[in-house]
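Contents: one structure, followed by commentary.
Numbering (the UniProt record's numbering), first residue to last: 1 to 160.
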């Protein structure tokens, strides 16, 4: 071994028996050539512009982007579920309002029928009183009026 001016140890191989047919390099075999790539040319070119942590950063950015996309999809799904729930509630509310309106109409029809029945009962009671009225103590004009009313009632009954 010989030492050069900088103090580095240089290995000199004087053994010519191993390279008899080959041309020998001026650089010793034990010294690593800085230009020689360990990974190969293509890998070296790809790695040339990258730093050691770039892959981790890219993976982290990709995870963040995927998390955002997933969060957006989750929000869309949640909005769709809420919309469907609101639509279902609205449909139930509309059906309930229709039932309430139908009940109100039925109530009004029943009330009208009840009033008509009461009116009919009142008229029937007046007619009954008219026919059961004692006219013996009335004067002629009153008797004539009562008889006229009785005739009108009988005419109405004939029309039915």
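Ideal Cβ placement from N, Cα and C applies to all residues, glycine included. A quick note: this is a predicted structure, and the numbers were derived from the prediction, not measured.
Straight-line Cα distance separating residue j from residue i
i: residue 132; j: residue 117; result: 22 Å
i: residue 74; j: residue 101; result: 40 Å
i: residue 43; j: residue 54; result: 15 Å
i: residue 126; j: residue 104; result: 33 Å
i: residue 154; j: residue 106; result: 34 Å
i: residue 93; j: residue 99; result: 10 Å
i: residue 159; j: residue 151; result: 13 Å
i: residue 161; j: residue 144; result: Residue 161 lies beyond the residue range present for the chain, which begins at 1 and ends at 160; the question has no answer from this structure.
i: residue 60; j: residue 84; result: 36 Å
i: residue 134; j: residue 108; result: 41 Å
i: residue 112; j: residue 121; result: 14 Å
N-terminal and C-terminal residue of the alpha helix (DSSP H) that residue i is part of
i: residue 117; result: 54-132
Assigned secondary structure, residue i (DSSP; H/G/I helix, E/B strand, else coil)
i: residue 43; result: helix
i: residue 151; result: helix
i: residue 158; result: helix
Contact check, residue i vs residue j, beta carbons under 7 Å
i: residue 130; j: residue 149; result: yes
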